[in-house]
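Q: Dropping the structure in here first, questions after.
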Amino acid sequence: MSAKALSPVKAVPVFPKPGHDHKVCSTRALREAEQLCETNDVRLTEIRRRVLAAIWNSHKPVGAYDLLQKLAAESGKMAPTTVYRAIDFLIEHGLVHRLSTLNAFIGCVSPGSEHGAHFLICDVCGTVAEFDATAADKQLTQAAEASGFRIRSKAIELHGICAHCAAHPDG
Ligand SMILES: [Zn+2]
Ligand SMILES: [Zn+2]
Ligand SMILES: [Zn+2]
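Start counting the sequence shown at 0; every next residue gets the next number (numbering that gives the first Met the number 0).
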């Protein structure tokens, strides 16, 4: 007797489709960044734009060291402090998120919208998706505050296997 198959869970499509035209994503992200900066009356300088484009190179998070390497390969060495300042700017304006469990950066898929830091991280392909965990987030906050705890920062990062990797274990 074979084990009873689990009924398939209807997945909400938050993960990007493997093999999609990523140029569409990165172009849209840069356009949205420009619009957001214009609305907020701040400047998306050439350096900030280059750093954002490098982070948006894929849906996989990139660490500071790799980012510096990538930027250097593309357009010549850049001072780390310059890059770090640009990253700080991008985070401050909600264009980039920092993943604390990976110490790496990922481009925000809906900058300008009010949302918590909620991430699904596939440990197989490395892809990261933002998902809506507002209800859980609220519960966590209430539980913490009920104990007199004052939250300073908050992120929900779930590690696991995305639907694509689960369905295609051989890649
Ligand atoms: Zn994409
Ligand atoms: Zn986001
Ligand atoms: Zn995956």
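For glycine and all other residues, C-beta sits at the position ideal for the given N, C-alpha and C.
These numbers come from a predicted model, not from an experiment.
So, do the segment 115-122 and the segment 82-94 have three or more beta carbon pairs nearer to each other than 8 angstroms?
A: Judged by Cβ distances under 8 angstroms, the segment 115-122 makes no contact with the segment 82-94, as fewer than three pairs qualify.
Q: DSSP on I160, reduced to helix/strand/coil?
A: The answer is coil: DSSP assigns I160 none of H, G, I, E or B.
Q: Go through the segment 77-126 residue by residue and report every complete run of the alpha helix (DSSP H) that reaches 4 residues or more, in order.
A: The segment 77-126 contains these whole alpha helix (DSSP H) runs: 79-91.
Q: State the Cα-Cα distance for the pair P110 and C36, rounded to the nearest angstrom.
A: Roughly 10 angstroms separates the two Cα atoms.
Q: Would G125 and K59 be called neighbours here (beta carbons separated by less than 8 angstroms)?
A: Yes, they are a contact pair.
Q: Determine the extent of the alpha helix (DSSP H) in which T26 is found, giving its start and end residues.
A: Unbroken alpha helix (DSSP H) run through T26: 21-38.
Q: I think S74 touches R49, with their Cβ atoms under 8 angstroms apart; what is that distance to the nearest whole Å?
A: 7 angstroms between Cβ atoms; contact.
Q: Looking at the structure shown, is A154 part of a helix, part of a strand, or coil, going by DSSP?
A: Three-state result, A154: coil.
Q: Using only Cβ atoms and a threshold of 7 angstroms, which residues come within that distance of a heavy atom of ligand 3? Order them by chain position.
A: Spelled out in chain order, the answer is C121, V123, C124, T126, I160, C161, H163, C164.
Q: For S25 versus W55, is the C-beta distance shorter than 8 angstroms?
A: Taking 8 angstroms as the Cβ cut-off, S25 and W55 qualify as a contacting pair.
Q: Which whole-angstrom value is the C-beta distance of A142 and I150, which I expect to be below 8 angstroms?
A: A142 to I150, Cβ: 11 angstroms. No contact.
Q: Please list, following the chain, all residues that have a C-beta closer than 6 angstroms to any non-hydrogen atom of ligand 2.
A: In chain order, the qualifying residues are H96, C107, V108, S109, H114, E129.
Q: Who are the Cβ neighbours of A52 in its own chain at under 8 angstroms, not counting the five residues just before and after it?
A: Hits under 8 angstroms: S25, L29.
Q: State the Cα-Cα distance for the pair F104 and P79, rounded to the nearest angstrom.
A: Approximately 15 angstroms between the Cα atoms of the pair.
Q: Under 7 angstroms from any heavy atom of ligand 1, does the C-beta of P15 make it?
A: Yes, since a heavy atom of ligand 1 falls inside the 7 angstroms radius drawn around the Cβ of P15.
Q: Quick check: is any heavy atom of ligand 4 less than 7 angstroms from the C-beta of H117?
A: The model depicted lacks ligand 4 and carries ligand 1, ligand 2 and ligand 3 instead.
Q: Helix, strand or coil, according to DSSP, for A53 in the structure here?
A: Of the three classes helix, strand and coil, the one that applies to A53 here is helix, per DSSP.
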